[in-house]
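So the structure is just underneath, and the comments pick up after that.
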Amino acid sequence: MLAFSTQAAVIYKWVDADGVVHYSDQSAPGAEKIFTASAPSSGPSSGPRNNPGPAPKKPPASALNYSEFVITSPAPEQTFFGDDIIGVHLSLVPGLKINHSLVWHLNGKELDNPSDPLSFTIPRQDRGTFNLTATITDQATGESQSSNSVTFYVRQPSQLAPLSPQHH
25 MLAFSTQAAV
35 IYKWVDADGV
45 VHYSDQSAPG
55 AEKIFTASAP
65 SSGPSSGPRN
75 NPGPAPKKPP
85 ASALNYSEFV
95 ITSPAPEQTF
105 FGDDIIGVHL
115 SLVPGLKINH
125 SLVWHLNGKE
135 LDNPSDPLSF
145 TIPRQDRGTF
155 NLTATITDQA
165 TGESQSSNSV
175 TFYVRQPSQL
185 APLSPQHH
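Given below as structure tokens:
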């Protein structure tokens, strides 16, 4: 088991072409840099380190102290049909702090800034599997924190469906 210290660590997060989210200590094209609150201390190791130098100095206390930062809608594994409106809701306690920005990513691509970043709708999507994540960044330190990641599905109704309104 790894022991943890209070040093900050940098990890990288990115979404591949198939919509799969990856995390690594190595940068990748298009990866988002994330600062974590703790890093493994010297002890049992998960593998060799390419950069044995000291971790970058960060402020001792995180400015991103949100007691709740969770996507509450859409629900995990929720399915939407055709022209359903996809409502997005984020529970954030306390509210977004001064000098913090909130950015939404859908399948790894940044969404346009909604007028209300805590509650908005996603425009109609073609069928497929979608992954939604929110990230808060402290503009002063560059420190960021990501919400839970929610996967949802969009399906299109079939013209041949026996229960289609066209056939009644």
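Here the working numbering is used: the first residue of the sequence shown is 25, the next is one more, and so on. Where is the CB? At the ideal position from N, CA and C, for every residue including glycine. None of the values given here were measured: they were computed from a predicted structure.
Y90, DSSP secondary structure in three states: coil
Decide if D40 is buried, meaning its Cβ has at least 16 other Cβ atoms within 10 Å, or exposed. exposed
How should V112 be labelled, buried or exposed, when 16 other C-beta atoms within 10 angstroms of its C-beta is the threshold for buried? buried
When burial is assigned at 16 or more other CB atoms within 10 Å of the CB, is T145 buried or exposed? If you draw a 10 Å sphere on the C-beta of T145, you find fewer than 16 other C-beta atoms in it, and that means exposed.
Look at the Cβ atom of S48, then the Cβ atom of I58, and state whether they are nearer than 8 Å. Cβ distance not < 8 Å, so S48 and I58 don't count as in contact.
Would you say F2 and P181 are within 8 Å of each other, going by their C-beta atoms? The structure shown has nothing for residue 2, since the chain only spans 25 to 192.
Close Cβ partners of H129 (< 6 Å) along its chain, the five nearest in sequence each way excluded: T157
Top-ranked residue by Cα proximity to Q149, from D42, F176 and L142: F176
In whole angstroms, give me the CA-to-CA distance for L116 and D42. 29 Å
What are the boundary residues of the beta strand (DSSP E) that includes I110? I110 to V117
Residues bridged to G152 (per DSSP): V178
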